[in-house]
Amino acid sequence: MFDNDFAVSSCPDDASSTNYTLNAWCAVSQLVSSQGWTATSTWYPYGVMLNAINQYAGSDTDYWLWFGNSEPGETALNQHVLSEDEQLLLAFGTGPLKITASSLSPLVGSTTTLNVFYFDAVLWQWLPGGASNFLINGQVFSSSDGALQFLVAAADPYSVFGRKAGYIDSSTLTITGISQNSSGGRAPPPLNYPVLFPVSSSVNVEKAVEFLISNQNSDGSIGSADLYSDWAAMALAVFGESEARDKLKDYLTEADVGTEFRATDLERRAMALMALGVNPYNGGPSDYIERIISTFDGQQIGDPGLFNDDIFALFPLLKAGYSGQDQMVEAIVSFIISKQNYNGSWEGIDLTAAAIQALSLAQKEGNLNFDLADSVRRAKKFLRNAQEFNGGFGNNPISTSWVIQAIAALGERASDWKNYGNDPAGFLASYQNDDGGFGGKSATIDARIWETAYAVPAALNKSWDEIIGAFPKEIKGVRSDEVPVSAAVPKLPPVEAVVSLPEVKSEQVEDKTTESLIVAQVSANTVLSRDLSTNENKKKIIYLSAGVSLLAGLYFIKKFFN
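If you count the sequence shown from 1, position 24 lands on 27 in the working numbering, and the numbers rise without skipping.
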């Protein structure tokens, strides 16, 4: 539909606001108006949602997504402040590919591992690309599993991007071979991967906790939804006694997970309560252990199409008295193992880090009929290979926080995992803001609470096993002591919010001013509208390159667990 540079001017940041910002909704609405398209949008309390452009209208199976510089949008378009020359992608019925390289500056004569991933909007995560192509300086290399070992033959730049039928081409990487120096040793790391953080770099945990407390509501909750309170509970619990922690504990022992829930909602709440020393069987408004067990179908927990809910089920169950002697636990562990990929991962960095913690806990509890050591070893190798030159993982603090916790579960320390002198702890510390919190300047308060809550336990080198209190197994009808068997400290796995929205009036916009239109997704290429499937009405994309003068940063990643 559109693929070109597009100059954007500021517009209202809300349907009825007089405050003007240079946000992504401005780009979408102004583009729609300039092209003479017809668009419909809906304004919710959290922001605007794009319903349709021309004949491409959202449904239960197809909908509009937006991406900023190849990362999925985590806020409403009107809440995302554009940066200069940002590439926005608006996609309908499809999504972009992402490409990574194990090294952007390998030695001449060595190989670098290329991987292509596609974005799964249901799981909200990047998955291995499977059958796909790599285009290297115009030459096509095919792969059956989305991975390619590329031999760097010369000290010249190589232009590389990924392609897969039905998806949008990835952005382009530039790989440059490095010649050996005269002594025969390896040349120093490329200039864009220096030793960034001194060994002494560390998160100021006290300031991070102060940031969380500063966002506590009068009822004791933190953030606009209970999922943020759950995660914050873990952070406050691991930090120690405080009035804010007690207020949050009082709130969570009264606020129940409703009837519309996913297994992960129950698991997260049980973990939060157990971190605060509350018995998950009888210390709150529900028996959360019984409710988690009620989602077991004989083979796995919750949604049979997912395995994150099985990974996170192990934490509350194993800390609430269940063990490998229980057939349910054995079935869950077996299901998790069956989902491990050949490269040792569970799809990506985040869930692999979570699985390491869960299986390490299962190993410790024992009484299982199989050995988990090999699965854990392969997963650890995957994470080692995934570490960036800057010491981090996924180039973001959230994934890095999870990995640091996995390292703790392995009995190791983040400071021992160095790459070119950089370790995960230093990388994480570099993302802390002056106010103590984490998250980009344009991120919402909820997003920053979320990210900060993840960082606190990681900074303290605490795994979820160490955070969650242990309680004796409770038999139906017999109440156990509410005092935890062992002290616990908090930190939960990432979460995905499910929000109940009020009914809102949808508005049709045709050649109207900016405040009436919804913003789209961003991409790095300039592209003409193109059909990505045999069904012309199914998969359409719009590319924009927003040429703006305002420079702002945004970083926030949605997690699988909420």
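Note that beta-carbon positions come from the ideal geometry of N, C-alpha and C, so glycine has one too.
This structure is a prediction, so every number in the text was calculated from the model and none was measured.
**Item:** Uninterrupted beta strand (DSSP E) stretches inside the stretch 39 to 110 (no shorter than 3 residues)
**Value:** Listed in chain order, the complete beta strand (DSSP E) runs (minimum 3 residues) inside the stretch 39 to 110 are 41 to 47, 50 to 56, 67 to 71, 89 to 95 and 100 to 104.
**Request:** Reducing DSSP to helix, strand and coil, say where Val206 ends up.
**Result:** For this step, residue 206 is matched to residue 203 along the sequence shown. DSSP places Val206 in coil when its eight states are reduced to three.
**Request:** Please work out which residues of its chain come closer than 8 angstroms, Cβ to Cβ, to Gln343, disregarding the five sequence neighbours upstream and downstream, and give them in chain order.
**Result:** On the sequence shown, position 340 is the one that residue 343 refers to. Leaving aside the five residues that flank Gln343 on each side, the residues in its chain whose CB is nearer than 8 angstroms to its CB run, in chain order, Trp349, Ala358, Ser378, Arg381 and Ala382.
**Item:** Three or more C-beta pairs below 8 angstroms linking the stretch 111 to 131 and the stretch 146 to 164
**Value:** yes
**Request:** With a cut-off of 8 angstroms on the beta carbons, I'd call Leu279 and Ala316 a contact; round off their distance for me.
**Result:** On the sequence shown, position 276 is the one that residue 279 refers to. On the sequence shown, position 313 is the one that residue 316 refers to. Not really, about 19 angstroms apart at Cβ, beyond 8 angstroms.
**Message:** For a quick check, are the C-beta atoms of Ser363 and Ser466 less than 9 angstroms apart?
**Reply:** Here residue 363 corresponds to residue number 360 of the sequence shown, with the count starting at 1. Here residue 466 corresponds to residue number 463 of the sequence shown, with the count starting at 1. In this structure, Ser466 lies closer than 9 angstroms to Ser363 by Cβ.
**Euclidean distance between Cα positions of Lys252 and Ala235** = Against the sequence shown, residue 252 aligns to sequence position 249. Against the sequence shown, residue 235 aligns to sequence position 232. Rounded to the nearest angstrom, the two C-alpha atoms are 11 angstroms apart.
**Message:** Please give the ranges of any beta strand (DSSP E) in the stretch 128 to 152, keeping only runs that are unbroken, at least 3 residues long and fully inside the region.
**Reply:** 128 to 131, 135 to 139 and 142 to 146
**Prompt:** Count the other CB atoms within 10 Å of the CB of Phe430; is the residue buried (16 or more) or exposed (fewer)?
**Reply:** Locating residue 430 in the sequence shown gives position 427, where the first residue counts as 1. Per the 10 Å Cβ criterion, buried.
**Prompt:** By DSSP, does Phe242 sit in helix, in strand, or in coil?
**Reply:** As a position in the sequence shown, residue 242 is number 239, starting the count at 1. In the structure shown, Phe242 sits in a helix (DSSP, three-state: H, G or I).
**Asked** Are the beta-carbon atoms belonging to Glu213 and Gly395 less than 9 angstroms from one another?
**Response** Counted from its first residue, the sequence shown places residue 213 at position 210. Counted from its first residue, the sequence shown places residue 395 at position 392. Not closer than 9 angstroms, so no.
**Item:** Three-state secondary structure assigned by DSSP to Pro400
**Value:** Taking the sequence shown and counting its residues from 1, one reaches residue 400 at position 397. DSSP places Pro400 in helix when its eight states are reduced to three.
**Request:** Report buried or exposed for Ser12, applying the criterion of at least 16 other Cβ atoms within 10 angstroms of its Cβ.
**Result:** As a working mapping, residue 12 is identified with position 9 in the sequence shown. By the 10 Å Cβ count, Ser12 comes out exposed.
**Request:** My understanding is that Gly50 touches Pro109, with C-beta atoms under 8 angstroms, so please give their C-beta distance in whole angstroms.
**Result:** Your numbering for residue 50 matches position 47 in the sequence shown. Your numbering for residue 109 matches position 106 in the sequence shown. Their Cβ separation, rounded to whole angstroms, is 43 angstroms, which puts Gly50 and Pro109 out of contact at 8 angstroms.
**Request:** Report the rounded CA-to-CA distance for Ser106 versus Ala258, giving the unit in angstroms.
**Result:** Here residue 106 is taken as the residue at index 103 of the sequence shown, counted from 1. Here residue 258 is taken as the residue at index 255 of the sequence shown, counted from 1. Each residue's Cα considered, the two are about 48 angstroms apart.
**Message:** Can you list, in chain order, the residues of its chain with a C-beta nearer than 8 angstroms to that of Gly305? Leave out the 5 residues immediately preceding and following it.
**Reply:** Position 302 of the sequence shown, counted from the start, is the residue given in the question as residue 305. Excluding positions up to five away in sequence, the list reads Arg265, Ala266, Thr267, Thr298, Asp312, Asp313 and Ala316.
**Message:** Please report the distance separating the alpha-carbon of Glu469 from that of Asn436.
**Reply:** For this step, residue 469 is matched to residue 466 along the sequence shown. For this step, residue 436 is matched to residue 433 along the sequence shown. Rounded to the nearest whole angstrom, the CA to CA distance from Glu469 to Asn436 is 27 angstroms.
**Request:** Write down the C-beta distance between Ala409 and Leu386 rounded to the nearest angstrom, noting that I regard them as a contact closer than 8 angstroms.
**Result:** Start at 1 with the first residue of the sequence shown, and residue 409 comes out as number 406. Start at 1 with the first residue of the sequence shown, and residue 386 comes out as number 383. Yes, Ala409 and Leu386 are in contact; Cβ-Cβ is about 7 angstroms, under 8 angstroms.
**Every unbroken beta strand (DSSP E) inside the stretch 251 to 305 [3 residues or more]** = none
**Request:** May I ask you to verify whether the stretch 470 to 478 touches the stretch 416 to 431, counting CB pairs closer than 8 angstroms and requiring at least 3?
**Result:** No, the stretch 470 to 478 does not touch the stretch 416 to 431.
**Request:** Count the other C-beta atoms from every protein chain shown that fall within 10 angstroms of the C-beta of Gly243, then say buried if there are 16 or more, exposed otherwise.
**Result:** Walking along the sequence shown from the start, residue 243 turns up at place 240. Gly243 is exposed by the Cβ-count criterion.
**Request:** Could you tell me if Gly301 is buried or exposed, where buried requires 16 or more neighbouring beta carbons within 10 angstroms of its beta carbon?
**Result:** As a position in the sequence shown, residue 301 is number 298, starting the count at 1. Burial call: exposed.
**Request:** Figure out for me which residue from Pro400, Trp405, Asp353 and Asp329 has the closest Cα to the Cα of Leu371.
**Result:** Numbered from its first residue, the sequence shown carries residue 371 at position 368. Nearest option by C-alpha distance: Asp329.
**Selected residue, minimal CA-CA separation from Thr447, among Gln360, Leu53, Val84 and Ile407** = Locating residue 447 in the sequence shown gives position 444, where the first residue counts as 1. Of Gln360, Leu53, Val84 and Ile407, the residue nearest in Cα terms is Val84.
**Asked** Is it right to say Leu360 is buried, meaning 16 or more other beta carbons lie within 10 angstroms of its own, or is it exposed?
**Response** Position 357 of the sequence shown, counted from the start, is the residue given in the question as residue 360. The identity of residue 360 in the sequence shown is Gln, whereas the question assumes Leu. Flag for Gln360 reads buried.
**Asked** What is the DSSP secondary structure of Tyr434, counted as helix, strand or coil?
**Response** For the purposes of this step, residue 434 is identified with residue 431 of the sequence shown, where counting begins at 1. It is coil, neither helix nor strand.
**Item:** Range of the contiguous beta strand (DSSP E) that encloses Leu176
**Value:** What you label residue 176 is simply residue 173 of the sequence shown in a count that begins at 1. For Leu176, the uninterrupted beta strand (DSSP E) segment begins and ends at Leu176 to Thr179.
**Prompt:** In terms of residues, what are the limits of the beta strand (DSSP E) holding Thr21?
**Reply:** As a first step, residue 21 must be located in the sequence shown, where it is residue number 18. From DSSP, Thr21 is part of no beta strand (DSSP E); its letter is neither H nor E.
**Item:** alpha helix (DSSP H) runs wholly inside the stretch 414 to 475, at least 4 long, in chain order
**Value:** 427 to 432, 448 to 462 and 467 to 470
**Prompt:** What's the call for Pro99, buried or exposed, on a 16-neighbour Cβ count within 10 Å?
**Reply:** Stepping through the sequence shown from its first residue, residue 99 is reached at position 96. Buried, because 16 or more other Cβ atoms sit within 10 Å of the Cβ of Pro99.
**C-alpha distance - Val406 paired with Asn57, whole-angstrom precision** = Translated into the one-based positions of the sequence shown, residue 406 becomes position 403. Translated into the one-based positions of the sequence shown, residue 57 becomes position 54. Approximately 44 angstroms, taken between the alpha carbons.
**Asked** For the putative contact between Gly165 and Phe137, defined by C-beta atoms under 8 angstroms, what is the C-beta separation to the nearest angstrom?
**Response** Translated into the one-based positions of the sequence shown, residue 165 becomes position 162. Translated into the one-based positions of the sequence shown, residue 137 becomes position 134. About 6 angstroms separates the two Cβ atoms, so the contact holds.
**Message:** Mapping the DSSP letters down to three states, classify Pro307 as helix, strand or coil.
**Reply:** Within the sequence shown, numbered from 1, the residue matching residue 307 stands at position 304. In the displayed model, Pro307 falls within coil according to three-state DSSP, outside both helix and strand.
**Message:** Using a 10 Å radius around the Cβ and a threshold of 16 neighbouring Cβ atoms, would you call Leu80 buried or exposed?
**Reply:** Position 77 of the sequence shown holds residue 80. Looking at its Cβ environment, which holds 16 or more other Cβ atoms inside 10 Å, Leu80 is buried.
**Request:** Provide the residue span of the beta strand (DSSP E) that contains Ala10, from first to last.
**Result:** The residue given as residue 10 occupies position 7 in the sequence shown. Counting along the chain, Ala10 sits inside the beta strand (DSSP E) bounded by residues Phe5 to Ala10.
**Prompt:** Which value, in whole angstroms, describes the spacing of the CA atoms of Thr41 and Gln33?
**Reply:** In the sequence shown, the residue the question calls residue 41 occupies position 38. In the sequence shown, the residue the question calls residue 33 occupies position 30. Those two C-alpha atoms are separated by around 12 angstroms.
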